[in-house]
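What follows is one structure encoded as structure tokens, with my remarks underneath.
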Amino acid sequence: PGSFIDSDSPQVAQFADRAAGPSGNDVERALELYRAIRDGIIYDPYVDLADPDNYRASAVLTRGRGFCIGKAALLAASARAIGVPARVGYADVRNHLTSPRFYEHIKSDVFIWHSYADLYLAGRWVKATPAFDIALCSKLGLKPLAFLQDVLTGAVSIEQALLKSPLPRLALLAASASHPEVFLAVE
620 PGSFIDSDSP QVAQFADRAA GPSGNDVERA LELYRAIRDG IIYDPYVDLA DPDNYRASAV
680 LTRGRGFCIG KAALLAASAR AIGVPARVGY ADVRNHLTSP RFYEHIKSDV FIWHSYADLY
740 LAGRWVKATP AFDIALCSKL GLKPLAFLQD VLTGAVSIEQ ALLKSPLPRL ALLAASASHP
800 EVFLAVE
């Protein structure tokens with residue numbers, strides 16, 4: 620546990636047990652966690668970035684909303700709470716569908732320090748991005764990011780797809796290493 624990936628929080632542990640369900644292998648339980656966080660926690664890129672609670676898994680869970688860093692912290696904390704090794708990672712991505720309002724807010728379509736969770740499943744580290752909830756994706760006419768499991772090989776991957784456009788909505792510009800804890804530049 621860490622101060623932001625607070626997998627020892629009673630709320631996170633209870634949520635993780637409930638969301639993952641009582642049975643299934645690690646992959647199946649992680650998929651349930653992923654869906655619960657992706658769709659049950661509202662994506663809100665306008666949170667106060669100076670408030671450390673917007674980075675803390677238990678606070679994001681309590682508020683029911685968060686941006687990519689907080690939602691990734693919640694997925695990592697929840698995975699750890701059910702015994703799945705997890706860490707967070709960061710990447711700079713270009714969002715081809717940035718709204719005019721958000722573009723005005725950050726003055727770019729490049730999301731720096733976009734966060735994802737890295738889960739150790741099926742013998743390897745797998746990136747999972749639970750940021751954009753299904754309600755937001757439906758409103759925009761997009762398919763939500765989803766885990767896919769290849770039953771034959773046991774491999775797990777992430778796929779993103781659009782319903783209305785052949786263009787990718789996110790382009791990876793740069794990736795950093797994964798970390799066991801979210802690093803925060805505010806006090």
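Going from the sequence shown to our numbering is simple: count from 1 and add 619.
C-beta: ideal position from N, C-alpha, C; glycine also.
Find out if the Cβ-Cβ distance for the pair V745, A696 is shorter than 8 Å. With respect to the 8 Å criterion, V745 and A696 are not classified as neighbours on the basis of their beta carbons.
Same chain, Cβ closer than 6 Å to D627, five either side skipped, listed in chain order: Result list for D627: P620, in chain order.
Which residues mark the beginning and the end of the beta strand (DSSP E) in which A747 is found? 743-747 is the span of the beta strand (DSSP E), which, as asked, contains A747.
Compute the beta-carbon to beta-carbon distance between D645 and L740, rounded to the nearest angstrom, for a pair I have assumed lies under 8 Å. Taking 8 Å as the upper bound for CB-CB distance, D645 and L740 are in contact here, some 6 Å apart.
Our contact map puts A750 next to Y662 with C-beta atoms below 8 Å; I'd like the distance itself, whole angstroms only. That pair is a contact at about 5 Å.
In the DSSP assignment, what residue or residues form a beta bridge with Y735? Note: Y735 sits in a beta bridge opposite G708.
Quick check on S677: buried or exposed, where buried means 16 or more other Cβ atoms within 10 Å of its Cβ? With 16 or more Cβ atoms within 10 Å of its Cβ, S677 is classed as buried.
Would you grab the beta carbon distance between G640 and R648 for me? Rounded to a whole angstrom, and I think it's under 8 Å. Your pair G640 and R648 checks out as a contact, with CB atoms roughly 6 Å apart and the cut at 8 Å.
Give the straight-line distance between the Cα atoms of A583 and V679, rounded to the nearest whole angstrom. No answer is possible for residue 583: the residues shown for the chain start at 620 and end at 806.
Return the CA-CA distance between G643 and R654, expressed in angstroms with no decimal places. About 15 Å.
Please list, in chain order, all residues of the same chain as D667 whose beta carbon is under 8 Å from its beta carbon, the five residues on each side excluded. So the list reads N673, once near-sequence residues are dropped.
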